[in-house]
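Data first, discussion second: the structure below is written as structure tokens.
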Amino acid sequence: MFLRPRCFFRTAKVTPVRFVAYKAIDKDVIARYKEKLDRKARELGAADAEQLKEKLKDEIEKKKLEMNKIDPLKELEAFEKTQQKTVRNKAKERSPIDPSTPKDPYKTLNSYLDLKKIKGLKADEIEFLWRLRFQKGENTLSAVVPTNTFERLHKNAIKNPTFVLPLPREDAQVEGEGKGDPVEIHFVQWNFVGPNTTHVLITSLAEYKLHKEYARPHTTVMFHQELKEDKGIVMMNGQVEKDSPVTLQEAQLLLLNVQRFYGGLAKTTSESSQKRLELLRKFNSGDPAFSMGELIELAQSMEN
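To convert, note that position 162 of the sequence shown is 162 in full-length UniProt numbering; the numbers rise steadily by one, no gaps.
Okay, here's the thing in structure tokens:
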């Protein structure tokens, strides 16, 4: 697989904490309460407070461990649910693109790396620089795609420039056929914006239906083909919008299925791979035999 996007989490700001050493408690205060403590200890079957403390030492330590015990899986699950809720709320605030907004010129590979300087480098050295370029980006995706892999994707994308993909979600409003998990459908568009630049835009289908060509894609991926012949690689970078209705991990899953349905995997002769390509063709030709149930099944299948 070519998609090895990286996920970066911004850590919370850490404030140094200074531990304050309190003065020793006055001996008179200790003496004042010792009699009461000893009396309570005798009620519990101990000679004095010190003996009771020693007797209950193991039990106290056990209680401390129980109170401080954290289930990392539950913590992770809670974090993911909070993250998903946050992006859902952001999605409600998204507005369509203003038709009067001027279109920015598309970015080429030279917008990110000096093409003249990297031409003399080896492919693995360029890959290192490329990944370093996006290492600190928030909600960014990056990869280096072998030329033969990209050409398979590109060939199928020219013939089939649009598609839909399911995304499993507990709170999805659109459900698949049958008894499967609820899914949300997303719309995929390929744009061939320049001789060496190809874009993939992914938008929730609900938003695309509402705003059509002015719908805001939540994920944009760019393929830069300037080094395709000389180095045998195509550079890929992408961005998941801050107010996106999907998380970075969900965008990665959608991109993985873009790769699978457009023939980007090495094994394109497998039965599942052929079924995916056939479904892609049916969608773009308007074939009534196109099945959402089959789409969901093939998208969720572990077989490549």
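Just so it is clear, CB atoms sit at the ideal spot from N, CA and C, and this is done for glycine as well.
Residue environment analysis places I60 among the exposed positions, since fewer than 16 neighbouring C-beta atoms fall within 10 angstroms of its C-beta.
Leaving aside the five residues that flank D38 on each side, the residues in its chain whose CB is nearer than 7 angstroms to its CB run, in chain order, D48 and A49. Around the beta-carbon of N237, 16 or more other beta-carbon atoms lie within 10 Å, marking it buried. Positions of the alpha helix (DSSP H) runs, each at least 4 residues long and wholly inside the region 217-269, are given as 248-261 in order along the chain. Per DSSP, reduced to three states, the secondary structure at F283 is helical. Between T220 and Q239, the C-beta gap is smaller than 9 angstroms, which places the two residues in contact. Counting of Cβ neighbours within 10 angstroms places I202 among the buried residues, the total reaching 16 or more. DSSP, read as helix, strand or coil, puts S273 in helix. S273 sits buried, since 16 or more C-beta atoms from the chains shown fall within 10 Å of its C-beta. Taking C-alpha positions only, R133 is separated from Y112 by approximately 8 angstroms.
Put simply, the backbone Cα of L265 is about 53 angstroms away from that of K62.
If you compare the alpha carbons of K116, P146 and T140 with that of E127, the shortest gap goes to P146.
For F128, the secondary structure class from DSSP, reduced to helix, strand or coil, is helix.
Here V200 really is in contact with V258; their C-beta atoms are around 6 angstroms apart, less than 8 angstroms. With fewer than 16 other CB atoms across the displayed protein chains lying within 10 angstroms of its CB, A289 is exposed. The way I'd put it, the region 188-196 does touch the region 148-164; three or more beta-carbon pairs between them come closer than 8 angstroms. Per DSSP, the unbroken alpha helix (DSSP H) holding T149 starts and ends at T147 to K159. Cβ atoms of D181 and P168 come within 8 angstroms of each other, at about 5 angstroms. Residues K275 and L279 of the same chain have their beta carbon placed closer than 8 angstroms to that of E294, with the five preceding and five following residues left out of the count. The C-alpha of Q225 lies about 6 angstroms from the C-alpha of T197. Beta-bridge partners of G137 (DSSP): none assigned.
Note that the C-beta distance between E170 and A206 is not below 9 angstroms. The Cβ atoms of L141 and L255 sit closer than 9 angstroms to each other. In chain order, F187 and A215 place their CB closer than 8 angstroms to the CB of Y208, counting only its own chain and leaving out the 5 sequence neighbours on each side. Rounded to whole angstroms, the gap between the alpha carbons of S204 and L56 is 60 angstroms. By the Cβ-count criterion, I158 is exposed, with fewer than 16 other Cβ atoms from all chains shown falling within 10 Å of its own Cβ. Selection K40, M235 and G137 evaluated against A123 yields M235 as nearest (Cα-Cα). In this structure, K136 lies away from M222, with their beta-carbon atoms at least 9 angstroms apart.
Considering only K212, T247 and D230, the residue with the shortest C-alpha distance to H218 is T247. E294: not part of any beta strand (DSSP E); member of the alpha helix (DSSP H) spanning M292 to Q300, first to last residue.
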